[in-house]
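K.L.:
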């Protein structure tokens, strides 16, 4: 079946860098999707596959059993780019030899491109310097190139760094062009997309919006959708899209007040719904959620319990107010990948409440119009939908709310303390002009107390942590450099106004090694 959209299919072999490949390509303007390496039929995708990228992965092709897609690759005329494990797989299935011992490389390395006067190689290496710094992360190495391939780059240790098929558009890279540390990495991905796959750049435009609306109509048909509404950019865009595609009578937007919202947030969300002509049903489930997680300290169990309770609450509402056929969620692409529902052997970082708590059998079918989008793409869609800027620029906020900003056991008292402290921090960011410059900010209430002195009296109270980061899509993040004077003012304000907190810290950790949220 022919489609109007062309793009690249990324075969996911479990690398935590897989999503970076996808994001980089999207930033460059090339549509792509990530799919499990064992996908059987590319023709069933909703776009024309003009190129294939084989991701890295934690497994080794030298083991007795290893993930492969040999029939796809060997029998395909579609251009292929193998990255790290992907290159080793190309080598293995084409008759070359991959060895475990010897030239393993980790971190920055220098490679040297070699001119072989071959059309595909010339196009792929266009605008690349002869000597280039790249990021390596491999233990196995190519000890014998397949007969049908030629080397086009070697490292300073003379290890094979890149290969290309003699007659086909099949290329292997031992390094990672998608990571920041690889010089000219975007040029490599650009050359493969444009010069090898012959793709044209696409922008988030009316056609993108129309495609999202068509997806909703074709999936839901004459059904009725129950939508989880949180007031954030993701759920807001989801609700507006569903209303636009199906009509207001077919969509019911529901706010589950789980008790972990920020201060006065429920009232603000109801006001937002009125501005956007979205009718919002509010379910007061504070007691249920708190009872479910009150004795849970493990962060993964806490997230999954909250996710499961979300779904159960929706199902109960559905039975009472339905019938509904679909459950609408503002799930994003990073949510899917980070929860490791795709990929072979990818290590779970944390469950997202949208995907981690889903039961195996759900009485409502999911409709997720944003599930192949990154946050910056959702914001562009929001602009097209004329959603107010204050919503578009609102910081991301986790579905489980403040519950995952309270490490350890969650209590009603801790929630109220955190709501007050967080409100002071966020309002100060807005007042001083920092809010719009920060990707995400929030306050964490630690499960420890420390000794302090207030009014000549000894105190023994909780410690809170302020966190503010810069990011593009939440896959990586750097600490935002807030002025010391500002932090000191916020600290003093919290300690003076919030009874129960006597110490304030600032988190200066990037992602990786940390995640943005503490749990």
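Numbering (the working numbering), first residue to last: 22 to 540. Ideal Cβ placement from N, Cα and C applies to all residues, glycine included.
Pick out whichever of 392, 396, 275 and 486 has its Cα sitting closest to the Cα of residue 552.
P.N.:
This structure does not reach residue 552, given that the chain is present from 22 up to 540, and the question cannot be answered.
K.L.:
Let me confirm a value: residue 105 is counted as buried when at least 16 other C-beta atoms fall within 10 Å, else exposed. Which label applies?
P.N.:
In the chain shown, the residue the question calls residue 105 occupies position 84. Counting Cβ neighbours within 10 Å, residue 105 comes out buried, since at least 16 surround it.
K.L.:
May I have the straight-line CA-CA distance separating residue 473 from residue 355, to the nearest angstrom?
P.N.:
Position 452 of the chain shown, counted from the first residue, corresponds to residue 473. Position 334 of the chain shown, counted from the first residue, corresponds to residue 355. Distance between residue 473 and residue 355, taken at the CA atoms: about 41 Å.
K.L.:
Is the distance from the Cβ of residue 20 to the Cβ of residue 343 below 8 Å?
P.N.:
Nothing can be reported for residue 20: it is not among the residues displayed for the chain, which extend from 22 to 540.
K.L.:
Does residue 249 pass the burial test, meaning 16 or more other C-beta atoms within 10 Å, or should it be called exposed?
P.N.:
As a working mapping, residue 249 is identified with position 228 in the chain shown. The residue is buried, with at least 16 neighbouring Cβ atoms inside 10 Å.
K.L.:
How close, in whole Å, do the beta carbons of residue 426 and residue 464 come, if the pair is a contact with beta carbons under 8 Å?
P.N.:
By one-based count along the chain shown, residue 426 stands at place 405. By one-based count along the chain shown, residue 464 stands at place 443. Contact holds; Cβ gap of about 7 Å.
K.L.:
Just to confirm my understanding: we take residue 394, look at its own chain, exclude 5 residues before and 5 after, and list those with CB closer than 7 Å. What are they?
P.N.:
Against the chain shown, residue 394 aligns to sequence position 373. Here residue 394 has 353 and 354 as same chain residues with Cβ atoms under 7 Å from its own Cβ, once five neighbours each way along the sequence are excluded.
K.L.:
From the DSSP output, read off the bridge partner residues of residue 485.
P.N.:
Residue 485 sits at position 464 when you count from the first residue of the chain shown. Looking at the DSSP assignment, residue 485 forms a beta bridge with 466 and 525.
K.L.:
Judging by CA-CA distance, which residue of 206, 148 and 306 is the nearest neighbour of residue 281?
P.N.:
As a first step, residue 281 is located in the chain shown; it is residue number 260 there, counting from the start. Residue 281 has its Cα closest to that of 306, out of 206, 148 and 306.
K.L.:
Can you give the beta carbon distance from residue 180 to residue 134, rounded, assuming they're within the 8 Å contact cut?
P.N.:
Translated into the one-based positions of the chain shown, residue 180 becomes position 159. Translated into the one-based positions of the chain shown, residue 134 becomes position 113. Not confirmed; about 14 Å, so no contact.
K.L.:
When we look at the beta-carbon of residue 191 and count the other beta-carbons within 10 Å, is it buried (16 or more) or exposed?
P.N.:
The sequence position of residue 191 within the chain shown is 170, counting from 1. Flag for residue 191 reads buried.
K.L.:
Closer than 8 Å by C-beta to residue 139: which residues in its own chain qualify, once you throw out the five before and the five after it? Chain order, please.
P.N.:
Against the chain shown, residue 139 aligns to sequence position 118. The residues are 171, 185 and 187.
K.L.:
Going by the DSSP bridge assignment, what does residue 447 pair with across the sheet?
P.N.:
Here the question's residue 447 lines up with position 426 in the chain shown. Partner(s): none; residue 447 has no beta bridge.
K.L.:
So, with DSSP's three-state summary, where would you put residue 378?
P.N.:
Locating residue 378 in the chain shown gives position 357, where the first residue counts as 1. Legend: pLDDT at residue 378 = 46, less than 50; position of this residue unreliable, value from coordinates given subsequently. Residue state, collapsed to three classes: coil.
K.L.:
Using three-state DSSP, classify residue 31 as helix, strand or coil.
P.N.:
Within the chain shown, residue 31 is the residue found at index 10, counting from 1. In this structure, residue 31 counts as strand in the three-state DSSP scheme.
K.L.:
Kindly indicate the opening and closing residues of the alpha helix (DSSP H) around residue 294.
P.N.:
The residue labelled residue 294 in the question sits at position 273 within the chain shown. Note, residue 294: alpha helix (DSSP H), 286 to 296.
K.L.:
State the Cα-Cα distance for the pair residue 270 and residue 231, rounded to the nearest angstrom.
P.N.:
As a position in the chain shown, residue 270 is number 249, starting the count at 1. As a position in the chain shown, residue 231 is number 210, starting the count at 1. When rounded, the distance between both Cα atoms is 20 Å.
K.L.:
I believe residue 449 touches residue 488 by the beta-carbon criterion, under 8 Å. Please report the beta-carbon distance rounded to the nearest angstrom.
P.N.:
Here residue 449 refers to the residue found at position 428 when the chain shown is read from its first residue. Here residue 488 refers to the residue found at position 467 when the chain shown is read from its first residue. Going by Cβ atoms, the distance from residue 449 to residue 488 rounds to 14 Å, so no, they are not a contact pair.
K.L.:
For the structure I just gave you, are there three or more beta carbon pairs, one from the region 63 to 75 and one from the region 151 to 165, closer than 8 Å?
P.N.:
no
K.L.:
Round the Cβ separation of residue 261 and residue 297 to the nearest angstrom and send it over; I've been treating them as touching at under 8 Å.
P.N.:
Within the chain shown, residue 261 is the residue found at index 240, counting from 1. Within the chain shown, residue 297 is the residue found at index 276, counting from 1. With 8 Å as the limit, residue 261 and residue 297 qualify as a contact, their Cβ atoms being about 6 Å apart.
K.L.:
Quick one: what does DSSP say residue 399 is sitting in, helix, strand or coil?
P.N.:
Looking up residue 399 in the chain shown gives position 378. Residue 399 sits in a helix when the DSSP states are folded into three classes.
K.L.:
In whole angstroms, give me the CA-to-CA distance for residue 78 and residue 37.
P.N.:
Here residue 78 is taken as the residue at index 57 of the chain shown, counted from 1. Here residue 37 is taken as the residue at index 16 of the chain shown, counted from 1. C-alpha separation (whole angstroms): 8 Å.
K.L.:
Closer than 8 Å is the cut-off here; do at least three beta carbon pairs connect the region 398 to 416 with the region 60 to 68?
P.N.:
Remark: fewer than three beta-carbon pairs, one from each stretch, lie closer than 8 Å, so the region 398 to 416 and the region 60 to 68 are not flagged as touching.
K.L.:
CA-CA distance, residue 246 and residue 304?
P.N.:
By 1-based counting over the chain shown, the position of residue 246 is 225. By 1-based counting over the chain shown, the position of residue 304 is 283. For residue 246 and residue 304, the distance between alpha carbons rounds to 17 Å.
K.L.:
In chain order, what residues of the same chain have a beta carbon less than 8 Å from the beta carbon of residue 334, not counting five sequence neighbours either side?
P.N.:
In the chain shown, counting from the first residue as 1, residue 334 sits at position 313. Excluding sequence neighbours, residue 334 sits near 277, 304, 306 and 309.
K.L.:
Where in the region 128 to 185 do unbroken runs of the beta strand (DSSP E), each at least 3 residues long, occur, reported from the N-terminal end onward?
P.N.:
152 to 159, 162 to 165 and 170 to 176
K.L.:
Is residue 274 closer than 8 Å to residue 299 when the C-beta atoms are compared?
P.N.:
Reading the chain shown from its first residue, position 278 is the one you call residue 299. Reading the chain shown from its first residue, position 253 is the one you call residue 274. Result yes, Cβ atoms of residue 299 and residue 274 sit closer than 8 Å.
K.L.:
Under the three-state reduction of DSSP, which class applies to residue 277: helix, strand or coil?
P.N.:
Here residue 277 corresponds to residue number 256 of the chain shown, with the count starting at 1. Here residue 277 sits in strand by DSSP.
K.L.:
Using DSSP with H/G/I as helix, E/B as strand and the rest coil, what is residue 53?
P.N.:
What you label residue 53 is simply residue 32 of the chain shown in a count that begins at 1. Residue 53: strand per DSSP, three-state reduction.
K.L.:
Might you give, ordered along the chain, the residues of its own chain that have their beta carbon closer than 6 Å to the beta carbon of residue 405, omitting 5 neighbours on each side?
P.N.:
As a position in the chain shown, residue 405 is number 384, starting the count at 1. Only 230 meet the Cβ criterion.
K.L.:
Pop quiz: residue 483 and residue 467 are said to be a contact at Cβ under 8 Å. What is the actual Cβ separation, rounded to whole angstroms?
P.N.:
Stepping through the chain shown from its first residue, residue 483 is reached at position 462. Stepping through the chain shown from its first residue, residue 467 is reached at position 446. At roughly 7 Å, the Cβ-Cβ gap stays under 8 Å, so residue 483 and residue 467 are in contact.
K.L.:
As a quick exercise: from 24, 338, 111 and 331, pick the residue whose alpha carbon is nearest that of residue 422.
P.N.:
By one-based count along the chain shown, residue 422 stands at place 401. The shortest Cα separation from residue 422 among 24, 338, 111 and 331 belongs to 331.
K.L.:
Under a Cβ-count criterion, where at least 16 other Cβ atoms within 10 Å of its own Cβ denotes burial, should residue 42 be classed as buried or exposed?
P.N.:
Your numbering for residue 42 matches position 21 in the chain shown. By the neighbour-count rule (16 or more Cβ atoms within 10 Å), residue 42 is buried.
K.L.:
DSSP state of residue 501, grouped into three classes?
P.N.:
By one-based count along the chain shown, residue 501 stands at place 480. Three-state result, residue 501: coil.
K.L.:
Helix, strand or coil: how does DSSP classify residue 188 here?
P.N.:
On the chain shown, residue 188 is found 167 positions in, with the first residue counted as 1. Residue state, collapsed to three classes: coil.
K.L.:
Is the separation between the beta-carbon of residue 103 and that of residue 75 shorter than 8 Å?
P.N.:
Here residue 103 corresponds to residue number 82 of the chain shown, with the count starting at 1. Here residue 75 corresponds to residue number 54 of the chain shown, with the count starting at 1. For residue 103 and residue 75, yes; Cβs fall inside 8 Å.
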